[in-house]
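One structure below.
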Amino acid sequence: MKTFSKGIHPFYNKELTSGLNIEKIPLSPKLVIPVLQHLGSPSEVIVKKGDDVIIGQLIAKSSGFVSANIHSPVFGKIAKINPKPIVGGRMASHIEIDVDIEKTKNYVWEKQNVDLSKMTSEEILTKIKEAGIVGLGGATFPTHIKYTQPKDKIIDTLVINGAECEPYLTCDHRLMIEKADEILKATEIVSKLLPLKSIIIGIEANKQDAISAFTKILKNYDLPIEVIPLKVKYPQGAEKMLIHATTKRVVPSGKLPLDVGVVVSNVGTLFAIYEAIYFNKPLIERVVTISGDIVKKGGNFLVPIGTPIEHILSQVEVDINKAYKVIFGGPMMGVAVPSLDYSITKGTSGILFFSEKLAKTSEETPCIKCGNCMKACPMNLMPNRLAAFSKAKKWDVIKDNNLYDCMECGSCAFVCPAKIDIVGWIRYAKNYIKSKNL
Numbered sequence: 114m115k116t117f118s119k120g121i122h123p124f125y126n127k128e129l130t131s132g133l134n135i136e137k138i139p140l141s142p143k144l145v146i147p148v149l150q151h152l153g154s155p156s157e158v159i160v161k162k163g164d165d166v167i168i169g170q171l172i173a174k175s176s177g178f179v180s181a182n183i184h185s186p187v188f189g190k191i192a193k194i195n196p197k198p199i200v201g202g203r204m205a206s207h208i209e210i211d212v213d214i215e216k217t218k219n220y221v222w223e224k225q226n227v228d229l230s231k232m233t234s235e236e237i238l239t240k241i242k243e244a245g246i247v248g249l250g251g252a253t254f255p256t257h258i259k260y261t262q263p264k265d266k267i268i269d270t271l272v273i274n275g276a277e278c279e280p281y282l283t284c285d286h287r288l289m290i291e292k293a294d295e296i297l298k299a300t301e302i303v304s305k306l307l308p309l310k311s312i313i314i315g316i317e318a319n320k321q322d323a324i325s326a327f328t329k330i331l332k333n334y335d336l337p338i339e340v341i342p343l344k345v346k347y348p349q350g351a352e353k354m355l356i357h358a359t360t361k362r363v364v365p366s367g368k369l370p371l372d373v374g375v376v377v378s379n380v381g382t383l384f385a386i387y388e389a390i391y392f393n394k395p396l397i398e399r400v401v402t403i404s405g406d407i408v409k410k411g412g413n414f415l416v417p418i419g420t421p422i423e424h425i426l427s428q429v430e431v432d433i434n435k436a437y438k439v440i441f442g443g444p445m446m447g448v449a450v451p452s453l454d455y456s457i458t459k460g461t462s463g464i465l466f467f468s469e470k471l472a473k474t475s476e477e478t479p480c481i482k483c484g485n486c487m488k489a490c491p492m493n494l495m496p497n498r499l500a501a502f503s504k505a506k507k508w509d510v511i512k513d514n515n516l517y518d519c520m521e522c523g524s525c526a527f528v529c530p531a532k533i534d535i536v537g538w539i540r541y542a543k544n545y546i547k548s549k550n551l
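According to the numbering used here, the sequence shown is numbered sequentially starting from 114.
Below, the structure is given as structure tokens:
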């Protein structure tokens, strides 16, 4: 079975939610929407306190080449616009909307009469850009940029990322089962943008129902497409690992997938493209996994962007008094938040609630130079050395040791018998060097 070299096998715990259908979560009476929920520049707010807004209305516009539009997921009124921290600690303006629940829940997006054969690539890219679509696998890179064919490169392969290798997360799994046809329709759209010779759907072998959902309907599409089952291993869904596993192409150090003729898209991103083209619907909601060892009744929920954690807690069964750690994303690459004063963004694939027993880290001891971190690192780095250079503040040395090849998957810290937060030290070095322009 196809895979990449090295990697790890954590406990996946996906069975907690993988069998649960996607549910539409009841509307929150308020939404709090950050203007920075994508890679690049924050969006520019174009509404003010007291304004009435309608569902799908642009409320913050793209402010640069790498930026994205943000739309209102509801009918309502702008209550306030205030700066506050986003997940990860950066400050950004947040638009708070008092929701007209009745008007919003009764709204139905109507399917458009679309003839793809008559749409130009420029028209499609404009639709994707206007809809504010970004990568929903975690990176949140604006999608219209990714699908713009570079003049000096030929992209001949699309890899659809259905690996979902992070433990606990199953939002992509459910989306593939329930929306396989829509995802393939989006693939038709993408094939209008790029000269694709090959389309590969990479899915880990622990999702046989998702693999089956696609294989049953491939014959309905005139596309050079195949489904490739992948070995269950972390981080199989990481871009460079997925490309190597499915195409055998290797993205060199410091290069991007487009340098080897490949573009990678998450299944959630493709579903958003389908809705943008066929329903004229911007990216205003996404599927989010709610799980963890103290979650009695979790699942996969279709949640409006800006929905506060507190509202989600009122709709699921979580023993919040036992919550020792709350994570946005997966347990390996997600971000722990210091409070519940955060809301769902475009990049929120899951919210995980863990007890002290499961989440408390052991006390760090000195490195014993066992080499486990090097055996696990899928990028063939020496993570223990990078962590040591970071601790010693040897910034020039750490940059010379391929610091930026590290994708912060956390495999090194997972296998470390000394319980050193190796990836934490590497992340610290990157942030420090960036903040000081070193």
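Every residue gets a Cβ at the ideal spot worked out from N, C-alpha and C, and that includes glycine. Values in this document were obtained by computation on a predicted structure and should not be read as measured data.
Query, Result
"Per-residue burial, residue 181 [other beta carbons within 10 Å of its own, 16 or more giving buried]", "buried"
"Length-filtered (3 minimum) beta strand (DSSP E) runs lying within the segment 398-431", "398-404, 408-410, 412-417"
"Contact check, residue 221 vs residue 151, beta carbons under 8 Å", "no"
"Integer-rounded CB distance, given that residue 318 should sit under 8 Å from residue 114", "6 Å"
"Bridge partners - residue 147, DSSP secondary structure assignment", "207"
"For residue 157, the residue or residues it bridges with in DSSP", "174"
"Close beta carbons around residue 136, own chain, < 8 Å, minus the five adjacent residues each side", "412, 413, 414, 415"
"Secondary structure of residue 342, DSSP reduced to three states", "strand"
"For residue 165, the residue or residues it bridges with in DSSP", "190"
"Beta bridge counterpart(s) of residue 316 as assigned by DSSP", "275, 342"
"Burial state of residue 178 (16 or more Cβ within 10 Å)", "exposed"
"Heavy atom of the ligand HEM within 7 Å of residue 246 beta-carbon", "Judged by which ligands are present, the structure shown has none, so any question about the ligand HEM falls away."
"Paired residues, beta bridge with residue 136 - DSSP", "414"
"Other residues of its chain near residue 405: CB distance less than 6 Å, five sequence neighbours each side excluded", "465, 466, 467"
"Contact set for residue 159: own chain, Cβ-Cβ below 8 Å, skip 5 residues either direction", "171, 172, 173, 174"
"Exposed unless 16 or more other CB atoms sit within 10 angstroms - verdict on residue 349", "buried"
"Straight-line Cα distance separating residue 142 from residue 428", "13 Å"
"Continuous beta strand (DSSP E) stretch holding residue 376: start and end", "375-379"
"Continuous beta strand (DSSP E) stretch holding residue 463: start and end", "463-467"
"Beta carbon of residue 485 nearer than 8 Å to that of residue 530", "yes"
"Three-state secondary structure (DSSP) of residue 117", "coil"
"Three-state class that DSSP yields for residue 270 in the structure shown", "strand"
"Of the listed residues 323, 517, 408, nearest to residue 431 (C-alpha basis)", "408"
"Bridge partners - residue 196, DSSP secondary structure assignment", "206"
"Distance, residue 231 Cα to residue 440 Cα", "44 Å"
"According to DSSP, residues forming a beta bridge with residue 510", "Residue 510 is not bridged to any residue."
"Unbroken beta strand (DSSP E) run spanning residue 327, endpoints", "That residue, residue 327, is in no beta strand (DSSP E); its alpha helix (DSSP H) goes 321-328."
"Unbroken alpha helix (DSSP H) run spanning residue 536, endpoints", "535-548"
"Reference residue 258; option with closest CA among 249, 266, 241", "241"
"Local Cβ density within 10 Å of residue 139, reported as buried at 16 or more and exposed below that", "exposed"
"8 Å Cβ cutoff met for residue 206 and residue 176", "no"
"Three-pair Cβ contact test at 8 Å for the segment 249-269 versus the segment 377-390", "yes"
"Under 8 Å between C-beta atoms of residue 250 and residue 316", "no"
"Beta-carbon proximity of residue 146 to residue 419, cut-off 8 Å", "yes"
"Within 8 Å, strictly: CB atoms of residue 202 and residue 395", "no"
"Euclidean distance between Cα positions of residue 520 and residue 368", "13 Å"
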